[in-house]
């Protein structure tokens, strides 16, 4: 027995099906692939630190040539970062806290996962290697004061060292858990224009302050360590900077010691 169906009826079935099939690639790749816990990690010193760099070259014009000075910000960074959680809603200035970040690939990229430069240095002293660090901070925004940055951690990776980086396809993410201190430093007085200086939140804090906290990541320069000369050379790349979209509310109170 055959049933003849009209186009309007078939379209009601086909269009949702097509839409579902188009959604499948995003659904498949939008997934967590790993998690890393750095709460008990203590960065170690490099086994073979580089020698001090040679003095910069001076051009005939008198201008100094400084290697590794990078400029420019990448308009479409390959990685987005978001602040998943803080372990409390309120801290005294200087308190230790635990944070969780989510790092999501916008398009295929490599993410460093080692907590110190010592972990990406090869055991063989005659082997040269390259590396590129990525730094993470929390940006504290207030409607009445200048935004401040609280440093979280720095991760290191090298294409020359296995398992020092993780490769993420678009939509894949990793979660990073770590420990930091709720403190920041202000620029010296007179550094900023008067129009900005008046909004600096002076330290030590006198009153409790409410903030919207957002994650921030930055990756710029890379370096190459030459085993023969024991010199380290910096290389420029457009800076990859990402700000978290969803804020986490947090309060910071004066330190009991202040």
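In the numbering used here, the protein residues as written are 294 to 551.
The beta carbon of each residue, even a glycine, is placed where N, CA and C say it ideally should be.
{"Check": "From the DSSP secondary-structure annotation, give me the bridge partner or partners of residue 512.", "Outcome": "533"}
{"Check": "My assumption, with CB atoms under 8 Å, is that residue 458 sits in contact with residue 374. Please give the rounded CB distance.", "Outcome": "Incorrect: roughly 16 Å between the Cβ atoms, too far for contact."}
{"Check": "By Cβ distance below 6 Å, which residues in the same chain neighbour residue 546 in space, the five residues on each side in sequence not counted?", "Outcome": "385, 501"}
{"Check": "Given residue 390, which residues of its chain have a CB within under 8 Å of its CB, disregarding the five upstream and five downstream residues?", "Outcome": "379, 380, 381, 384, 472, 473, 474, 475"}
{"Check": "In angstroms, rounded to a whole number, what distance separates the CA positions of residue 540 and residue 505?", "Outcome": "5 Å"}
{"Check": "Looking at the structure shown, is residue 382 part of a helix, part of a strand, or coil, going by DSSP?", "Outcome": "coil"}
{"Check": "Note down the Cα distance separating residue 534 from residue 444, rounded to an integer number of angstroms.", "Outcome": "15 Å"}
{"Check": "Expressed to the nearest angstrom, what Euclidean distance is found between the alpha-carbon atoms of residue 317 and residue 439?", "Outcome": "Because residue 317 carries a pLDDT of 43, less than 50, the predicted location of this residue cannot be relied on, and the following value inherits that uncertainty. For residue 317 and residue 439, the distance between alpha carbons rounds to 44 Å."}
{"Check": "What residue range does the alpha helix (DSSP H) around residue 490 cover?", "Outcome": "487–490"}
{"Check": "Helix, strand or coil: how does DSSP classify residue 473 here?", "Outcome": "strand"}
{"Check": "So, helix, strand or coil for residue 521, using DSSP?", "Outcome": "coil"}
{"Check": "Taking Cβ to Cβ, would you say residue 368 is nearer than 8 Å to residue 532?", "Outcome": "no"}
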